[in-house]
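Per the working numbering, residue 182 is the first one in the sequence shown, and the count goes up by one each step. Note that CB positions come from ideal geometry on N, CA and C, so glycine has one too. So the structure is just underneath, and the comments pick up after that.
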Amino acid sequence: MASSATRVLVINCGSSSLKFSVLPLQENTPVFSGLAERLGQPEASMTFVEAQGEKTTLVLDEPSHRCALSLLFSQLTRLNMLGSLCAIGHRVAHGGSEFTHSVLLTPETVDKIRRVSPLAPLHNPANLIGIEAALALLPELPQVAVFDTAFHQTMPPEAYTYAIPLEFQQRYQIRRYGFHGTSHRYIAAEAVAYLQLDPAHHGILIAHLGNGSSVCAVKNGRSVDTSMGMTPLEGLVMGTRCGDLDLGAAAWLAKCTGQSIESLCHLANTQCGLLGLSGLSSDCRTLQAACEKGVPRARLAIEVMVHRLARHLGGHLAALDRLDALIFTGGIGENSVLVRELTVRRLAVFGLRLDEQKNLAIRGGQSGVISAPGSPVIAVIPTNEEKMIAEDAAAIAGGRQATLLPANHF
């Protein structure tokens, strides 16, 4: 193994899981990766995947994030990788208005992350667990926080402001923040290079589609609008999230069922979306297979998802001066021929048309243009959030600033 400090450890810490990868700088493929699952439960385990594809699963001595990180660091030592790390990059869901770019983790920045954590109670506390454990175990190694919300801090006030009394925004930070920013930032840069667009004059729509999904309008490299809001619940129909929902409908549901706001919020995040519509699964692949067998609710779930997606893509066009490309990415965007076909069919009024054969050929991590001649460009570009996090962490650890544009503050 290499002994020079030319690799970054990327950590994505969830409430009951910890995903990691070791990425060499300037490369796309990790040399070591894995996942700790069921943290907090007696059967917690951790799977390690080496570059050759060899997998090893170990049971954790105790089902905690700190134990998982300790085991990870011991494995890195065994493989002579620990000394090759130049930084650790942590994915953090919500940076509020406080963080407009990735930052070096210090006691002050950790405290700021903690202060904005009420904005993302399902995500940030888990992110902080991983951060604090890693800082305790490897205090000498530079560690960096990369925020899902940071890329969208360039949205103008008319895009991020809710139509509620303005003092609520100023007093309680109630505004639209957007998420998946690390993916959207990566795809925005990749699209410019891949499609040879003018970096200073272009317009792109990005559809990041997975278990969580969002649309982003990018003008000249800046996010100018996005479908997610103050939380990841707003916007598109997702695996288990409902997306846009009339507040009046939520109030009526609460009255009819006697549920509290907290209970409804949990329902909207975990039991709605594709799962709630289909009554079958939150996985788009399962629902597509069910559609082929003629299961009506599975077909309805797919149709509702693509209708909402097309509506948001059409609406986000209004934030652009021009449309150079529509990009599909994420697990569904990169692999679902059907979702791309049904979505673009609904966007025909904008002149968008697919080449059916090209669309059929692109899946499984491939890049490619799938639009028909005469149509605005439609392309599939695989996302790589880990690479983006690694690049930011390496840059900041080396004393350079991550490449983000200035933000618009309220």
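Three-state secondary structure (DSSP) at residue i?
i: residue 406; result: strand
i: residue 322; result: coil
i: residue 573; result: helix
i: residue 214; result: strand
i: residue 376; result: helix
i: residue 476; result: coil
i: residue 332; result: helix
i: residue 290; result: helix
i: residue 489; result: helix
i: residue 428; result: helix
i: residue 364; result: helix
i: residue 579; result: coil
i: residue 588; result: Its pLDDT being 41, under 50, residue 588 is placed unreliably in this model, and the coordinates cannot settle the point.
i: residue 463; result: coil
In chain order, what residues of the same chain have a beta carbon less than 7 angstroms from the beta carbon of residue i, not counting five sequence neighbours either side?
i: residue 354; result: 277, 278, 300
i: residue 385; result: 369, 372, 399, 505, 506, 508
i: residue 366; result: 332, 569
Per DSSP, which one or two residues make a beta bridge with residue i?
i: residue 188; result: 205, 266
i: residue 384; result: 400
i: residue 560; result: 508, 550
i: residue 193; result: 200
i: residue 535; result: 552
i: residue 327; result: 272
Please work out which residues of its chain come closer than 6 angstroms, Cβ to Cβ, to residue i, disregarding the five sequence neighbours upstream and downstream, and give them in chain order.
i: residue 364; result: 389, 564, 566
i: residue 263; result: 257
i: residue 415; result: 409
Looking only at its own chain, which residues have a Cβ that is under 8 angstroms from the Cβ of residue i, when we skip the five neighbours before and after it?
i: residue 577; result: 268, 283, 284, 285, 323, 325, 583
i: residue 223; result: 244
i: residue 236; result: 228, 229, 230
Which residues bound the beta strand (DSSP E) around residue i?
i: residue 236; result: 236 to 240
On the DSSP letters alone, give me the boundaries of the alpha helix (DSSP H) that residue i sits inside.
i: residue 227; result: Here residue 227 belongs to no alpha helix (DSSP H); instead the beta strand (DSSP E) covers 226 to 231.
i: residue 248; result: 246 to 259
i: residue 350; result: 347 to 353
i: residue 450; result: 442 to 451
i: residue 341; result: 338 to 341
i: residue 278; result: Segment: none, residue 278 is in no alpha helix (DSSP H) and carries neither H nor E.
i: residue 439; result: That residue, residue 439, is in no alpha helix (DSSP H); it is neither H nor E in DSSP.
i: residue 520; result: 518 to 526
Would you call the region 415 to 427 and the region 534 to 548 in contact, with 3 or more CB pairs under 8 angstroms?
no
Does the region 483 to 495 touch the region 335 to 344, meaning 3 or more C-beta pairs lie closer than 8 angstroms?
no
Using 8 angstroms as the Cβ pair cut-off and three pairs as the minimum, do the region 183 to 200 and the region 242 to 259 touch?
yes
Should the region 327 to 342 be regarded as contacting the region 402 to 417, the criterion being three or more beta carbon pairs within less than 8 angstroms?
yes
Report yes or no: do three or more beta-carbon pairs, one from the region 493 to 505 and one from the region 452 to 471, lie closer than 8 angstroms?
no
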